[in-house]
Structures are given as C-alpha cells and as structure tokens.
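Be aware that the sequence shown starts at 322, since it is given in the working numbering, and climbs by one per residue. What follows is one structure encoded as structure tokens, with my remarks underneath.
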Amino acid sequence: MQLMKISSIPDYRLPSVGQIDPKTWVGKRLKQFLVLAWTIIALSTVFQSLLFWESTDQMFWNRTFIFPSVIWIVGLLLIFLLVLPGYFLIQKFTGFQKLMFFVAHCVLYSALYIALIVSLYGLFLRTANWSWYIDTANTIASEGLHNVIKNYLFLISIIFAFEYFKRKENLIREKEQVEKELLKAKHLALKAKLQPHFLFNTLNSIVALIEENGKKAEDSLISLSDLLRYSMDITPKQLIPIAEELNLLQKYLKIEKNRYEEQLEVKWEHRDQKTSFQLPALILQPIVENCIKHGFKGINRVLTITIFVDYTLKKIKIANNGNVLPKAPTYGTGIEIVKQRLDYHFGENFNFRLEQQDQWVVYEIQLV
322 MQLMKISSIP DYRLPSVGQI DPKTWVGKRL KQFLVLAWTI IALSTVFQSL
372 LFWESTDQMF WNRTFIFPSV IWIVGLLLIF LLVLPGYFLI QKFTGFQKLM
422 FFVAHCVLYS ALYIALIVSL YGLFLRTANW SWYIDTANTI ASEGLHNVIK
472 NYLFLISIIF AFEYFKRKEN LIREKEQVEK ELLKAKHLAL KAKLQPHFLF
522 NTLNSIVALI EENGKKAEDS LISLSDLLRY SMDITPKQLI PIAEELNLLQ
572 KYLKIEKNRY EEQLEVKWEH RDQKTSFQLP ALILQPIVEN CIKHGFKGIN
622 RVLTITIFVD YTLKKIKIAN NGNVLPKAPT YGTGIEIVKQ RLDYHFGENF
672 NFRLEQQDQW VVYEIQLV
C-alpha cells in the first residue's frame, strides 16, 4: 500500500540557553505552542492530500483523514513522553557529550515515531498482515525519514527559541531590578548625607537663639522635630504634593525667621493653584538654606527671599537679593544633593538652573 510523504518542516536552529521549568507559566505556554505547531503539521498533511488526490474511495479517506489523525496522536504522545523530558534531561550535559545525547535522542524519536505510526495506522485499518507493517515501515524510513528528522528539529528549535527569549527576558528583568536597587541605595546614601548636613546647620540656628529668646528657641525645636520626623519617614520612591512640600518649607523658614527676625523677609507668589504636581520631600529646604547662608555674606541690609510657584508649568523659582554669585559658581553639598535627588526621581525630565539675574540670585526647578 502506498503512503503519502510526511510533511516537511524547515530546520530552524537557535543557540542553547538556560532551562525552562515545565511547571511554570512559561513551561505551560511552551507546551501549548508545541501542541499548536504539531496540529498545524497534521493539518498540512490533510491539505496536501486534498490538493493532490482526487479519488473518493476508501483509500482516499484513509490518506486524507485517518493517516493525519495518526500523525497527530503519535506526535503529541512523543512530545510529552519523549521530546520534552529528553530535552530537559540532556540539558544536564555539556559539549560533545550533549551533542551525542541529542543525536541519540533524535534516533530514538525517529524509530519510535515510525513504529507507532505504522502500528496505530494498522490498527485503524484493521490489518493483520505482518508483511504490510514491515513494508510500510520500510517505505516511511526510506522515503520520509528526512521529514521525520526535520519535524524533530523543528520541535527542538521551538524549545530553544522559548528558552532564548526566556533568558533574555530574565536578564532584562534582573538588570532592571539591580538598577532599582542601586538607585534605592543611592537615594538612601543621599538621605543619610543630607540629614546630618541639615541637622547641623539648623541646630546652629537654634543654638544662636537659646540665649537671646528661649521661647523662640523652643518653637524652633518643635519645628525641627516635625521636620526630622517627616524626613525619617521618607521612602526612596516617595513623592509628595507641592502644597505639602511648601508646608514643610514654612516650618523650616519659621526656624530661620526666629533667628534673623526682621533681617529676613520671605515673599510667596502662587500661580494657577487649581492644579498640582509632586516633588521629592524636603527638596526645597536646601535651596532656601543656601539662599540664607550665602545671601547674608557681606551685606548689612534685609535679605529678601521670594518663592514663586507656577502650578501649571510645574516650575519653582527661589530668589534672594543677597550676596551675588561668583563668576564661576559651584554647587555646595546641599545643592548637589538636590540635583541628584531630582535626577533619581525624574531622570532627564527636569531642568535645574542657578544664575544671577540683576540683583537677584535665582534657583529654578522645572519639571518637564
């Protein structure tokens, strides 16, 4: 009895990579994809028969529907009982030994495939002629063995592809996780560096008040404790509304106003308060601290600090009319930490400027 040739499948080759756990979601998707691929192979056999055979007798029925059904059943059995288990077992070996096991695996697959195809097809045809089984097996082995091997390589290549993309995805995920941890560590380091800097400078202001005005010193300590309590609760990813940030800034300015009294004047200007945006907590305090620290140098008049917030443009402008900037201004520790924190949260989506505008030293932050 003449049999049609088994469908030919291209030989795709992909590099070997890490192993997929069959019990995971990826492993389940791999099994589903293998079943789909093998179903397409079986259906292609049906289409070939419909295209090239015009007879309507029993032999046509057998070639068109029975034989492809046998191919489908045998293929699925071998996928789950031999191809997948054998593949994962072979991954334990390396080099030439691994190659030899793949060759042996392919030979075993081909032998079992032909034997099961012939046996199951014979059962469907209800034939007891042993010579038929032998002749049919020889026909498939001589005329269709290359297609059997191609089918095997096709199935293996699917597993290779899944493992390749799984490893690539895992590497990307691990890289992102490492980057997040590094950013978190960097933020914590900045926070650890900022708190002593802030605490030291603020305590200096309070110490200066103790002998002059005990009540103001007490009020300043309360404001400082509120700020420290808040700063210790900050998490690396935390952003707060601009209104909350300005409230914290007012607590800090209360400390400085208690110290400098009438020598320090603070003006506020708000535009389009109907909208809002978020900033890292206590990001503005080092800027105002810098305005006071450097603004009072070399002047014998009132220091004015203006704080302008444009809620729509997400812009904050803090200016002081104190000591002018040098020709080549440099950032101190506090301002450098401000820039690094903005970079941590917003990447390239922010602008930071420090410049002299007439008699004003201007710090500007704008989120993009």
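Where is the CB? At the ideal position from N, CA and C, for every residue including glycine.
Asked	Found
Are there 16 or more other CB atoms within 10 angstroms of the CB of Lys635, so buried, or fewer, so exposed?	buried
With 16 other CB atoms within 10 Å as the buried threshold, where does Ile480 fall?	buried
Inspect the CB distances between the region 570-585 and the region 538-549 and report whether three or more fall short of 8 Å.	yes
At the level of alpha carbons, what is the spacing between Ile435 and Ala462?	7 Å
Since Tyr454 is in the alpha helix (DSSP H), which residue starts that stretch and which ends it?	Trp451 to Glu464
Once the 5 residues before and after Leu674 are set aside, which same chain residues still bring their CB inside 7 Å of it?	For clarity, residue 674 is Arg in the given sequence; the question names Leu instead. If we look at Arg674 and ignore the five residues flanking it on each side, its Cβ neighbours are Glu685.
Sorted by chain position, which residues of the same chain lie with C-beta nearer than 7 Å to Phe423's C-beta, five sequence neighbours on each side aside?	Ile411
Indicate the three-state DSSP secondary structure (helix, strand or coil) for Gln594 in the structure shown.	coil
When DSSP labels each residue in this structure, what does Ile620 get in the three-state scheme?	coil
Using alpha carbons as the reference points, say which of Cys427, Thr457, Thr651 and Phe617 lies closest to Asn643.	Asn is not the amino acid found at residue 643; the sequence shown has Gly there. For the residues Cys427, Thr457, Thr651 and Phe617, the minimum Cα distance to Gly643 belongs to Phe617.
In this structure, how does DSSP classify Tyr632 when only helix, strand and coil are distinguished?	coil
Excluding the 5 residues flanking Lys660 on each side, which residues of the same chain have their C-beta closer than 8 Å to its C-beta?	Tyr652 and Phe673
Rounded to whole angstroms, how far is the Cβ of Thr523 from the Cβ of Glu586, which I believe are closer than 8 Å?	Rounded, the Cβ-Cβ distance is 20 Å, inconsistent with contact.
At a Cβ threshold of 8 Å, is Arg674 touching chain B?	The structure shown contains no chain B, having only a single protein chain.
Just to confirm my understanding: we take Met553, look at its own chain, exclude 5 residues before and 5 after, and list those with CB closer than 6 Å. What are they?	none
Pairs of beta-carbons, one from the region 436-443 and one from the region 382-399, closer than 8 Å: are there three or more?	yes
For a test of the three-state rule: what should DSSP assign to Val682, helix, strand or coil?	strand
The beta strand (DSSP E) spanning Ile394 covers which residue range?	No beta strand (DSSP E) contains Ile394, which is instead part of the alpha helix (DSSP H) from Phe388 to Leu399.
Which class does Trp346 belong to by DSSP, given the choice of helix, strand or coil?	Model confidence at Trp346 stands at a pLDDT of 49, short of 50, so the residue's coordinates are unreliable and nothing is read from them.
Can you tell me the Cβ-Cβ gap for Cys427 and Ile470, rounded? I've got them flagged as a contact below 8 Å.	6 Å
In angstroms, rounded to a whole number, what distance separates the CA positions of Thr360 and Lys419?	29 Å
Would Phe560 pass as a contact of Gln599 if the rule is Cβ separation under 8 Å?	As written in the sequence, residue 560 is Leu, which differs from the Phe given in the question. Against a cut-off of 8 Å, the Cβ pair of Gln599 and Leu560 comes out as a contact.
When you compare only the Cα positions, how much space is there between Gly590 and Thr633?	Sequence check: residue 590 is Glu here, not Gly. Distance between the alpha carbons of Glu590 and Thr633: 14 Å.
With a cut-off of 8 Å on the beta carbons, I'd call Gln677 and Leu646 a contact; round off their distance for me.	5 Å
Of the choices Asp631, Ile563 and Gln498, whose alpha-carbon is the least far from that of Gln315?	Coverage of the chain is limited to positions 322 through 689, which leaves residue 315 absent and any answer about it impossible.
Nearest CA to the CA of Thr385: which residue from Leu364, Leu398 and Ile639?	Leu364
What residue range is occupied by the uninterrupted beta strand (DSSP E) comprising Leu600?	Gln599 to Pro601
So, at 6 Å on beta carbons, what are the nonlocal neighbours of Leu446 in its own chain, with the 5 sequence-adjacent residues on each side left out?	none
Counting C-beta neighbours from all protein chains within 10 Å, is the total for Arg662 16 or more, i.e. buried, or is it exposed?	buried
Less than 6 Å between C-beta atoms, sequence neighbours within five positions excluded: which residues of the same chain meet that for Thr457?	Val439
So, with DSSP's three-state summary, where would you put Gln687?	strand
With a CB to CB cut of under 7 Å and the five nearest residues on each side skipped, what residues in its chain are close to Leu433?	Leu399 and Leu403
Leaving aside the five residues before and after Trp346 along the sequence, list all residues of the same chain whose C-beta is less than 6 Å from its C-beta, in chain order.	Unreliable placement is indicated for Trp346, whose pLDDT of 49 sits below 50; the coordinate value is still reported in the next sentence. Cβ neighbours of Trp346 beyond the five flanking positions: none.
Quick one: give me the first and last residue of the beta strand (DSSP E) that Ser560 is part of.	The sequence given here places Leu at residue 560; Ser does not occur at that position. Here the beta strand (DSSP E) through Leu560 covers Leu560 to Pro562.
Would you call the CB atoms of Asp593 and Lys572 closer than 8 Å?	no
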